[in-house]
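As structure tokens, the structure follows; a few thoughts come after it.
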Amino acid sequence: MEELLANITWTPVMVSFVLAYGLGWLWYSPKMFYEKWRSGKGGEVVQHPMWMPMTAQAGSTLLLAIITNLAANDGHVGHAILVAITIAGFIKANGFYAGKTRFAIGVEVGYIIAVIFVMVAVNLVL
Numbered sequence: 000m001e002e003l004l005a006n007i008t009w010t011p012v013m014v015s016f017v018l019a020y021g022l023g024w025l026w027y028s029p030k031m032f033y034e035k036w037r038s039g040k041g042g043e044v045v046q047h048p049m050w051m052p053m054t055a056q057a058g059s060t061l062l063l064a065i066i067t068n069l070a071a072n073d074g075h076v077g078h079a080i081l082v083a084i085t086i087a088g089f090i091k092a093n094g095f096y097a098g099k100t101r102f103a104i105g106v107e108v109g110y111i112i113a114v115i116f117v118m119v120a121v122n123l124v125l
């Protein structure tokens, strides 16, 4: 574990984390996809305290930023992209199981694809 942590370059991790998390705020805002995404979720929407999804999102975004950085540092950016595509696939399957509309699923999957592009770009530039 110590060797793994030693290979992390924290500047691109934190920059890509902040940019990707900020993109999420914009992506799911009324300025972009919020209204149509929310209406496409189907069924009754259960309201959870806002800290619950925001904490889960922050933790997951940070982990993906670390994975992307480790892959970029090893010259294997494609591995990070495969991880993101896998996550997108799980989100897509979950959306179909949950009865979401194709649009809502597309918004959620599209966000993951946009995030990995941001993270890869940051790691290649910094």
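Take 0 as the starting number for the sequence shown in numbering that gives the first Met the number 0 and just add one per residue.
Glycine included, C-beta positions come from ideal geometry on N, C-alpha and C.
query                                                                                         : result
Residue 68: CB within 6 Å of a non-hydrogen atom of the ligand GTP                            : Among the components of this structure there are no ligands whatsoever, and the ligand GTP is therefore not found.
Helix, strand or coil at residue 43 [DSSP, three-state]                                       : coil
Selected residue, minimal CA-CA separation from residue 26, among 113, 50 and 76              : 113
Buried or exposed by the 16-neighbour rule on C-beta atoms within 10 Å, applied to residue 52 : exposed
Environment of residue 9 [buried if 16+ CB atoms lie within 10 Å]                             : exposed
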